[in-house]
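One structure below.
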């Protein structure tokens with residue numbers, strides 16, 4: 300019975316990530332071909348992350364009142380209705396509002412799914428369950444990028460596909476018998492405590508949000524404007540997602556063996572170099588796909604290493620609260636990143652989005668070096684290494 304519940308949750312969330320990965324690229328390419336001001340493009344893209352951040356902060360309240368199955372259905376319904384609305388009308392204000400609602404609904408879906416997994420996974424198998432969960436979501440994201448190259452993105456067809464995928468997720472989860480897990484409240488931690496004990500973790504989470512949101516939401520539009528074909532963009536994004544999946548375990552092991560601040564600095568150096576390299580690379584698969592693979596891998600490992608660094612410095616009973624705070628910091632970075640990227644593209648240079656990612660990555664590397672040089676020595680590493688993890692799901696609604 301438990302195995303069926305866990306399988307349903309993982310399958311449903313994978314369908315959501317498949318839809319979400321496809322949806323993000325569809326929106327970016329639609330904006331890239333539309334004649335909107337870059338600032339409006341940035342606002343539309345960032346509105347999703349605004350909704351996601353609000354959802355992560357408040358979804359726990361609905362979840363505690365209604366239970367997991369009903370909350371899951373409610374959040375999915377919000378996403379489905381908003382997606383259908385985007386297919387009906389295209390204007391900046393409408394899309395910004397609807398993308399905010401979609402972000403809120405997706406955050407609620409992830410909060411519900413992951414809290415469900417936390418409650419139902421046996422303690423002795425929890426690591427394996429979450430590894431399967433995250434591998435499923437990464438593979439679904441990869442398939443979403445592949446789908447981009449196979450579907451005509453003009454008209455209502457992509458929105459119909461996205462709506463169908465979200466609806467299927469409801470069917471998978473709601474038709475499986477599920478006990479209602481009890482909601483628990485973890486011991487809270489203040490931001491100033493995290494900043495005082497692990498400042499690089501705070502910097503890393505904010506920069507991770509800025510870089511990831513800019514890459515997934517703005518990069519496809521930039522590639523379209525600079526002459527990449529739709530199929531090439533699809534393969535580039537697919538390679539980046541696969542890089543993110545492939546880098547998780549080896550970088551996690553590396554951060555367990557060495558000072559995580561040094562690992563974050565190394566990630567920043569590699570990411571900054573790859574972001575610059577894409578602006579000079581020929582428009583051929585042998586040139587751009589390896590860059591995308593490394594870029595996606597480096598980008599996706601900033602957050603888990605940063606959070607693991609924070610957890611090393613704080614008490615075990617504050618783990619859930621620390622993770623929640625880190626999600627909010629990443630969400631705030633996700634809101635500001637795309638707006639800044641579109642502004643730079645308009646005012647400075649069309650390649651500004653790549654330069655921006657390179658600068659942010661360099662800032663991470665420099666911050667890590669400074670923390671090692673002038674900061675306190677890190678405390679002994681805890682046993683709570685996150686492994687394969689993404690900043691997407693733990694509720695930060697605390698009483």
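In my numbering, the protein residues as written are 300 to 698.
Beta carbons are placed, not taken as given, at the ideal position from N, Cα and C, and that holds for glycine.
Computed from a predicted structure; not experimentally measured.
So for residue 489, helix, strand or coil by DSSP? The answer is coil: DSSP assigns residue 489 none of H, G, I, E or B.
In three-state terms, what does DSSP make of residue 528? coil
Do residue 604 and residue 562 have their C-beta atoms closer together than 8 angstroms? yes
In whole angstroms, give me the CA-to-CA distance for residue 653 and residue 474. 45 angstroms
Could you compute how far the alpha carbon of residue 593 sits from the alpha carbon of residue 542? 6 angstroms
Terminal residues of the continuous alpha helix (DSSP H) containing residue 612? Counting along the chain, the alpha helix (DSSP H) containing residue 612 begins and ends at 584-612.
Spatial distance of residue 598 from residue 642 (CA atoms): 22 angstroms
State the Cα-Cα distance for the pair residue 328 and residue 448, rounded to the nearest angstrom. The straight-line gap from Cα to Cα measures roughly 12 angstroms.
Roughly how many whole angstroms lie between the Cα atoms of residue 392 and residue 458? Going by the C-alpha atoms only, they are around 18 angstroms apart.
Express the C-alpha separation of residue 518 and residue 582 in angstroms, rounding to a whole number. 15 angstroms
Nearest CA to the CA of residue 386: which residue from 580, 532, 461 and 472? The alpha carbon of residue 386 has as its nearest neighbour, out of 580, 532, 461 and 472, the alpha carbon of 461.
Strictly under 8 angstroms for the Cβ-Cβ distance: is residue 524 near chain C by that measure? The structure shown contains no chain C; it is built from a single protein chain.
Residues near residue 608 in its chain [Cβ-Cβ closer than 6 angstroms; skip 5 each side]: 497, 500 and 559
If you follow the alpha helix (DSSP H) that residue 471 is part of, which residue opens it and which one closes it? For residue 471, the enclosing alpha helix (DSSP H) stretches over residues 456-473.
Please classify residue 524 as buried or exposed, where buried requires at least 16 neighbouring CB atoms within 10 angstroms. exposed
Reduced DSSP secondary structure (H/G/I, E/B, other) of residue 334: coil
Complete alpha helix (DSSP H) runs within the region 501-572 (minimum length 4 residues, chain order): 529-556
Just confirm the distance between the C-beta atoms of residue 579 and residue 446, as a whole number of angstroms; I'd bet it's less than 8 angstroms. Going by Cβ atoms, the distance from residue 579 to residue 446 rounds to 29 angstroms, so no, they are not a contact pair.
Given 8 angstroms as the limit, is there contact between the region 344-356 and the region 528-540, that is, 3 or more CB pairs closer than that? no
Could you tell me how far apart the beta carbons of residue 589 and residue 513 are, in whole angstroms, since I believe they sit closer than 8 angstroms? Between residue 513 and residue 589 the Cβ distance is about 21 angstroms, and since that is not below 8 angstroms, they are no contact.
Thinking C-beta only, is residue 402 closer than 8 angstroms to residue 437? no
Tell me which same chain residues have a C-beta within less than 6 angstroms of the C-beta of residue 465, skipping the five on either side of it? 318, 375, 378 and 379
Less than 8 angstroms between C-beta atoms, sequence neighbours within five positions excluded: which residues of the same chain meet that for residue 314? 439, 464, 465, 467, 468 and 471
Expressed to the nearest angstrom, what Euclidean distance is found between the alpha-carbon atoms of residue 657 and residue 368? 42 angstroms
Could you compute how far the alpha carbon of residue 546 sits from the alpha carbon of residue 671? Using only the alpha carbons, I get a separation of about 24 angstroms.
Buried or exposed: which applies to residue 409, given that a residue is buried once 16 or more other Cβ atoms fall within 10 Å of its Cβ? Residue 409 is buried by the Cβ-count criterion.
Do you know offhand how far residue 397's Cα is from residue 381's? One Cα belongs to residue 397, the other to residue 381, and the distance between them is close to 5 angstroms.
Can you tell me the Cβ-Cβ gap for residue 577 and residue 432, rounded? I've got them flagged as a contact below 8 angstroms. Actually they are not in contact, since the Cβ atoms of residue 577 and residue 432 sit about 31 angstroms apart, beyond 8 angstroms.
Within the same chain, show all residues whose beta-carbon is closer than 6 angstroms to that of residue 686, passing over the 5 residues directly before and after it, in chain order. Because residue 686 sits at a pLDDT of 43, beneath the cut-off of 50, its placement in the model cannot be relied upon, and the following sentence gives the value as read from the coordinates. Cβ within range, chain order: 551.
Can residue 539 and residue 595 be called in contact, C-beta distance under 8 angstroms? yes
Measuring straight from C-alpha to C-alpha, what distance separates residue 614 and residue 566? 26 angstroms
Minimum C-alpha distance to residue 411 - residue among 506, 346 and 361: 361
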